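Colleague: Mind looking over this structure? Questions follow.
Chains as they are written, first to last, in my numbering: chain A, 18 to 383; chain B, 50 to 412.
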């Protein structure tokens, strides 16, 4: 199947990424002594790498405290990453000075989770949407007024609303205002940080549809951060799963939901309540809580809670590389065959059970 | 048929504010049988939480349970009890599990003390016996090293652990009824699975009834036997869990199901319910859902529908029960016709809804 394609397209089929994140880390110091020395750190983001292609939606999922929001903010430098690199449209984001960074932010925007705290209550909706236009000198005067009204209309708000204040709007409408604000500067890429988590299901559907329409019309790329796996399946082209600051699985949406290979992803999918009373699954119920990121487990961070039948001593000793198990399907697990960590290496680390392919379908699909 | 454990009859709970009377719960009747799990679902502002609070008589002024409401619990009308008598029922015969375990627990007492307090108050147990009971409860809800954990404060525990504490506290007295108000909404999905598992295991052991208040139809499907859908302070549909997912009758229920993305559901466009829930101070005349409904016709504008019997144990507050042919004529709902794209009516401005009120010409 692929051979005729490669003849027709001498260049690789995948376009250059719009955003490339390489080995991104963000450590927060805790319990520091005088002058910040002698303390330990919370490894909120610990070596995260992924690409976002133009016009694509990459879903970033995980539970609270896994570092997904910190990743989104570190990419935009709303918090300064500790190390790693972020390249946006060929420019190295982490090396930019403040002026250049401000210019770049025109192309990279963010939509926040909480529509109640992310809008300035003292500014009218028009002023909120207009601010970006002014800062980036995109429009002024009557021209800016016109743009604001167009933007409000585009996100499904009445243009007359521009004189009103955020408190006059419902949660879903505020989220639309946040979207209009982000769109004002005509970005190519938007970090959507749990944009629908605070909304009721009917309003959530409205906002999800709006985001999809805007992507289609404007060719936007999204990093869609969420804890809700069903929303991510609905909107994402590819999905990265995070656990304790690391990406543990990265695949296309179809592959990830059909054949999740990282045991953590399996448990996560299996835990989602199914709105079908006839469906009864053998649910994988994880024991215990997510360990503290200030003192993560050794080896594979998931091993204390893992249910893979081949789990053994080696899992506590070897840090699993994020490696390709199938074309385009990256998984960090040395027990999920195939793996580049040889059996000899595993045995040297105390392994007693060889890797095997483990996919508990009964726990995943109703 | 035996008498149900809880029978709510014609419950009206109103809030009196400067902006008018908010009819948060407006004529709700249902029953919960012994050992049964009943779900109440609906979106913010539908009245599901106020219903729960009303059953425990925890509604504070300016809220008031109106005359004519009846709350029959095990044969007695809770509304006829004195505050003193009511206190003996709360936490004892009827317990509540709240959504946010951090605010439901007192930050300045250890969790052991808080659980022990329940049996000291209700059973007059000694400090020592009550403490032993608290540790026993912690073991029961699956807290590792319970003796140790009992001496810790809420902030030292994770969210899932705190919710286990809240459940332990609710179950100390072996209540006949547990009201769980969004018990897993603040939790991650893997922790949610643990808590739901715990609740159903506790129910198997103790045989209590559960009234599960939630916005998540997935949670309902997994835990409940019967489901009540609320909208606009009223019950709009009630049926067995099987029926509501297979053959939802009310357009609002249908809308909720369609708006919900599902794992394995692919990427087909989500159906939305345009507009938002109207304010409880001004429920629409006629059917309260009519301006957001894709099937509404002129009758729905002024004629408030009763609960029609659809099938065995299945009722729906929709005129489609009498005139099913209108289901074949979907159209953009009124709120979209009036307001334009997205149906974003009622931008908070008080006058806005009034425009919508004059709808007759549009149908």
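The C-beta atom is built at its ideal place from N, Cα and C for all residues, glycine as well.
What you are looking at is a predicted structure, and each value in this text was computed from that prediction instead of being measured.
Return the chain-ordered list of same chain residues with a C-beta closer than 6 Å to the C-beta of residue 214 (chain A), the five sequence neighbours on each side being excluded.
Modeller: Excluding sequence neighbours, residue 214 (chain A) sits near 130.
Colleague: Spatial neighbours of residue 381 (chain B) within its chain, please: CB distance less than 7 Å, with the 5 preceding and 5 following residues excluded, ordered by chain position.
Modeller: Excluding residues within five positions, none has a Cβ falling inside 7 Å.
Colleague: Just how far apart, CA to CA, sit residue 37 (chain A) and residue 69 (chain B)?
Modeller: For residue 37 (chain A) and residue 69 (chain B), the distance between alpha carbons rounds to 55 Å.
Colleague: Does any C-beta atom of chain A lie closer than 7 Å to the C-beta of residue 366 (chain B)?
Modeller: Cβ-Cβ to chain A under 7 Å: no for residue 366 (chain B).
Colleague: Please state whether DSSP places residue 114 (chain B) in a helix, a strand or coil.
Modeller: Strand, per DSSP.
Colleague: Give me, in chain order, the residues of the same chain whose beta-carbon lies closer than 6 Å to that of residue 373 (chain A); leave out the 5 immediate sequence neighbours on both sides.
Modeller: Closer than 6 Å at the Cβ level, and outside the excluded window around residue 373 (chain A), lie 327, 354.
Colleague: Determine the DSSP secondary structure at residue 349 (chain A), reduced to helix, strand or coil.
Modeller: Three-state DSSP puts residue 349 (chain A) in coil, outside helix and strand.
Colleague: Quick one: list the residues of chain E neighbouring residue 262 (chain A), beta-carbon separation under 9 Å, in chain order.
Modeller: This model lacks chain E altogether; the protein chains it does include are A and B.
Colleague: Within 7 Å of any Cβ in chain A, is that where the Cβ of residue 294 (chain B) sits?
Modeller: With 7 Å as the cut-off, residue 294 (chain B) counts as an interface residue toward chain A.
Colleague: Just tell me which of B:234, B:131, B:279, B:197 has its CA closest to the CA of residue 97 (chain B).
Modeller: Residue 97 (chain B) has its Cα closest to that of B:279, out of B:234, B:131, B:279, B:197.
Colleague: Take residue 126 (chain A) and list the residues in its own chain whose beta-carbon comes closer than 6 Å to its own, dropping the five residues that flank it on each side.
Modeller: For residue 126 (chain A), where only same-chain residues beyond five positions count, the Cβ hits under 6 Å are 199, 204, 207.
Colleague: Is it buried or exposed, residue 200 (chain B), if we count other Cβ atoms within 10 angstroms and call 16 or more buried?
Modeller: With fewer than 16 Cβ atoms within 10 Å of its Cβ, residue 200 (chain B) is classed as exposed.
Colleague: Below 7 Å between beta carbons: does that hold for residue 323 (chain B) and residue 283 (chain B)?
Modeller: In this structure, residue 283 (chain B) does not lie closer than 7 Å to residue 323 (chain B) by Cβ.
Colleague: Rounded to whole angstroms, what is the Cα-Cα separation between residue 389 (chain B) and residue 247 (chain A)?
Modeller: Summary for residue 389 (chain B): the model assigns pLDDT 46, below 50, so the residue's position carries little reliability, and this model does not support an answer.
Colleague: Between the segment 255-268 of chain A and the segment 77-92 of chain A, do three or more beta carbon pairs fall short of 8 Å?
Modeller: Short answer: they touch.
Colleague: Which first and last residues belong to the beta strand (DSSP E) in which residue 266 (chain A) is found?
Modeller: That run of the beta strand (DSSP E) goes 263-269.
Colleague: Show which residues of chain A have a CB atom less than 9 Å away from the CB atom of residue 74 (chain B).
Modeller: What residue 74 (chain B) touches in chain A: nothing, since even the nearest Cβ is about 18 Å away.
Colleague: Quick test of your reading: residue 188 (chain A) and residue 132 (chain A), contact by CB under 8 Å. State the CB separation rounded to the nearest angstrom.
Modeller: So it is a contact: roughly 5 Å between Cβ atoms.
Colleague: Name, please, each residue of chain B whose Cβ falls closer than 8 Å to the Cβ of residue 226 (chain A).
Modeller: Neighbours of residue 226 (chain A) on chain B, chain order: 318, 319, 321.
Colleague: Note the first and the last residue of the continuous alpha helix (DSSP H) segment covering residue 332 (chain A).
Modeller: Unbroken alpha helix (DSSP H) run through residue 332 (chain A): 330-334.
Colleague: Please work out which residues of its chain come closer than 8 Å, Cβ to Cβ, to residue 382 (chain A), disregarding the five sequence neighbours upstream and downstream, and give them in chain order.
Modeller: Same-chain partners within the cutoff: 298.
Colleague: Indicate whether residue 144 (chain B) and residue 224 (chain B) have their beta-carbon atoms separated by less than 7 Å.
Modeller: In this structure, residue 224 (chain B) lies closer than 7 Å to residue 144 (chain B) by Cβ.
Colleague: Taking Cβ to Cβ, would you say residue 214 (chain B) is nearer than 7 Å to residue 101 (chain B)?
Modeller: Against a cut-off of 7 Å, the Cβ pair of residue 101 (chain B) and residue 214 (chain B) comes out as no contact.
Colleague: Name the one or two DSSP bridge partners that residue 88 (chain B) has.
Modeller: Bridge partners of residue 88 (chain B): B:261, B:276.
Colleague: Closest to residue 56 (chain B) by C-alpha separation, out of B:75, B:62, B:80, would be which residue?
Modeller: Checked all of B:75, B:62, B:80; the closest Cα to residue 56 (chain B) is B:80.
Colleague: Start and end of the beta strand (DSSP E) containing residue 66 (chain A)?
Modeller: Start and end: 57-69.
Colleague: Can you give the Cα-Cα distance for residue 370 (chain A) and residue 265 (chain A), rounded to whole angstroms?
Modeller: Straight-line Cα distance between these residues: approximately 21 Å.
Colleague: May I have the straight-line CA-CA distance separating residue 121 (chain A) from residue 202 (chain A), to the nearest angstrom?
Modeller: Approximately 11 Å, taken between the alpha carbons.
Colleague: Check the DSSP bridge columns for residue 207 (chain A) and list the partner residues they point to.
Modeller: Answer by DSSP bridge pairing, in chain order: A:126, A:239.
Colleague: Report yes if the C-beta distance between residue 142 (chain A) and residue 181 (chain A) is below 7 Å; otherwise report no.
Modeller: Yes, these two residues count as a Cβ contact at 7 Å.
Colleague: If you measure from the beta carbon of residue 131 (chain A) to each beta carbon in chain B, is any gap under 7 Å?
Modeller: Not one chain B Cβ lies under 7 Å of residue 131 (chain A).
Colleague: Quick check: the Cα distance between residue 358 (chain A) and residue 288 (chain A), rounded to an integer number of angstroms?
Modeller: Taking the straight line from one Cα to the other gives about 30 Å.
Colleague: Given that residue 300 (chain A) touches chain B, what residues does it touch there, using C-beta distances under 7 Å?
Modeller: Simply 242.
Colleague: Should residue 332 (chain B) be labelled buried (16 or more other beta-carbon atoms within 10 Å of its own) or exposed?
Modeller: Classification of residue 332 (chain B): buried, given that the 10 Å Cβ count is 16 or more.
Colleague: From which residue to which residue does the alpha helix (DSSP H) around residue 360 (chain B) run?
Modeller: First-last for residue 360 (chain B): 357-360, but that is the beta strand (DSSP E), not the alpha helix (DSSP H).
Colleague: For chain A, find out if any of its Cβ atoms is closer than 7 Å to the Cβ of residue 232 (chain B); answer yes or no.
Modeller: So, not an interface residue.
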